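J.:
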Amino acid sequence: MIMWMDGNEENCENIKLLMECVDRLVLLCKGKLGSYNINGRTKGMVACYPGNDTKYLRHIDNPNADGRCMTCIYYINKDWNVETDGGLLRIFPEGQETVANIVPKFDRLLFFWSDRRNPHEVQAAKRCRYAITVWYFDAEERAAAMKRLSGQNNNNNNNNNSGSKNLTNQTNKQ
1 MIMWMDGNEE
11 NCENIKLLME
21 CVDRLVLLCK
31 GKLGSYNING
41 RTKGMVACYP
51 GNDTKYLRHI
61 DNPNADGRCM
71 TCIYYINKDW
81 NVETDGGLLR
91 IFPEGQETVA
101 NIVPKFDRLL
111 FFWSDRRNPH
121 EVQAAKRCRY
131 AITVWYFDAE
141 ERAAAMKRLS
151 GQNNNNNNNN
161 NSGSKNLTNQ
171 TNKQ
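According to the UniProt record's numbering, the sequence shown is numbered sequentially starting from 1.
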């Protein structure tokens with residue numbers, strides 16, 4: 001099950017707090033993320049992936065220059081044991097022989113580049129696996145992607161409810 005949320009929905013105060021904290025963290029890194037000009041993000045994809053050996057095949061989040069430059073995942077799986085529960089995230093950094101194995105344990109926040117530099121997969125999970133994922137946009141790449149999309153079909157609306165939010169510098173707010 002997947003729901004797209006920004007935390008303004010009823011009884012979602014903690015999701016809103018999480019999104020605000022991650023936004024502030026990303027803004028604090030502005031200017032330190034290579035040539036990216038991060039100016040927005042998707043809504044949070046709140047996901048419950050069922051157990052029963054459910055897995056996610058190796059993929060790249062942004063293979064087509066859609067504007068997503070950074071993937072952020074927050075795990076909410078209490079008492080996760082990768083030996084019995086499975087569900088390991090494996091990242092295969094481009095040009096490296098090592099693999100990053102990440103256990104989806106509670107209160108873990110993970111960032112990685114969304115493009116071809118980080119193909120990744122989720123191994124089979126034996127129990128429900130919960131995560132909130134947000135993708136941050138590079139301003140220039142996102143504008144080019146939206147221009148391409150509008151040129152392809154002016155009548156085709158994006159109905160996945162992922163929406164997007166512009167980021168403003170709120171690092172001084174308490």
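Think of the CB as a built atom: it goes at the ideal place given N, C-alpha and C, for glycine as much as any other residue.
Every value quoted in this text rests on a predicted model; they were computed, and no experiment measured them.
Less than 8 Å separating the beta-carbons of residue 61 and residue 126?
T.: Against a cut-off of 8 Å, the Cβ pair of residue 126 and residue 61 comes out as no contact.
J.: If I follow the unbroken alpha helix (DSSP H) through residue 1, where does it start and stop?
T.: Where residue 1 is concerned, there is no enclosing alpha helix (DSSP H), given that its DSSP letter is neither H nor E.
J.: Give the secondary structure of residue 76 by DSSP, where H, G and I count as helix, E and B as strand, and everything else as coil.
T.: Of the three classes helix, strand and coil, the one that applies to residue 76 here is coil, per DSSP.
J.: Taking one C-beta from the segment 100-108 and one from the segment 52-67 each time, how about it: are there three or more such pairs within less than 8 Å?
T.: The segment 100-108 is not in contact with the segment 52-67.
J.: Identify the residues that DSSP records as bridge partners of residue 125: which are they?
T.: BP columns for residue 125 point to 54 and 86.
J.: Assess contact between the segment 126-137 and the segment 36-56, defined as three or more Cβ pairs (one per stretch) separated by less than 8 Å. Is contact present?
T.: These segments touch.
J.: Just to confirm the assignment, what range does the beta strand (DSSP E) spanning residue 41 have?
T.: 38-41 is the extent of the beta strand (DSSP E) around residue 41.
J.: Is residue 150 buried or exposed, if buried means 16 or more other CB atoms sit within 10 Å of its CB?
T.: Exposed, since its Cβ has fewer than 16 Cβ neighbours within 10 Å.
J.: Need the endpoints of the beta strand (DSSP E) that residue 46 sits in, please.
T.: Counting along the chain, the beta strand (DSSP E) containing residue 46 begins and ends at 44-49.
J.: At which residues does the beta strand (DSSP E) containing residue 60 begin and terminate?
T.: Residue 60 -> no beta strand (DSSP E), and no H or E assigned at all.
J.: What are the boundary residues of the beta strand (DSSP E) that includes residue 100?
T.: Its beta strand (DSSP E) spans residues 100-102.
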